[in-house]
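A.B. asks: Position in the sequence shown (first residue = 1) + 262 = my numbering.
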Amino acid sequence: LCMCEETFAPVAPVIPFDSETEAIQLANATTYGLAVYAFTNDLSRMWRLAEQLEAGTIGINDAVPATSQCPFGGLKQSGWGRELGIEGLDAFMETKHISLGVTP
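(1) Should Leu315 be labelled buried (16 or more other beta-carbon atoms within 10 Å of its own) or exposed?
(2) Tell me which residue opens and which closes the beta strand (DSSP E) that Ala300 is part of.
(3) Which residue marks the beginning of the beta strand (DSSP E) containing Thr292, and which one marks its end?
(4) Taking C-beta to C-beta, are Leu296 and Ala317 nearer than 8 angstroms?
(5) Where does Thr302 land, buried or exposed, given buried means 16+ other C-beta within 10 angstroms?
(6) With DSSP collapsed to three states, give me the class of Ile348.
(7) Tell me the DSSP bridge mates of Thr319?
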């Protein structure tokens with residue numbers, strides 16, 4: 263159930279895998295993408311995971327990566343847009359380009 267639906271419950275599914283590639287494929291093989299958490303001491307692996315995992319929040323060696331300054335929101339079926347941080351204000355703002363030519 264916790265691999266097929268967003269449970270929003272305190273669960274930690276543990277799924278065995280044989281390689282990093284398989285772990286990434288398993289994590290991305292869902293219609294949801296709110297958050298992913300991984301734990302590693304390998305700095306190169308950390309960057310590979312961060313680049314390849316499909317989620318709005320990726321916590322590596324951090325079980326609670328969200329702060330009020332960080333944009334929060336999911337990918338895929340886990341949400342639309344962002345809240346918190348500067349990115350959370352974008353939905354309420356309209357960008358305008360103004361070019362002013364001044365001649366003496």
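The beta carbon of each residue, even a glycine, is placed where N, CA and C say it ideally should be. Since this is a predicted model, take the numbers as computed values, not measurements.
C.D. replies: Taking the geometry as given:
(1) As a first step, residue 315 must be located in the sequence shown, where it is residue number 53. Leu315 should be labelled buried.
(2) Counted from its first residue, the sequence shown places residue 300 at position 38. Counting along the chain, the beta strand (DSSP E) containing Ala300 begins and ends at Ala297 to Ala300.
(3) Residue numbering aside, residue 292 sits at position 30 when the sequence shown is read from its first letter. Run containing Thr292: none; DSSP gives neither H nor E here.
(4) Residue 296 sits at position 34 when you count from the first residue of the sequence shown. Residue 317 sits at position 55 when you count from the first residue of the sequence shown. A contact, by the Cβ cut-off of 8 angstroms.
(5) On the sequence shown, position 40 is the one that residue 302 refers to. Burial call: exposed.
(6) For the purposes of this step, residue 348 is taken as the residue at position 86 of the sequence shown. Looking at Ile348 - three-state DSSP - the assignment turns out to be helix.
(7) Reading the sequence shown from its first residue, position 57 is the one you call residue 319. According to DSSP, Thr319 bridges with Ala297.
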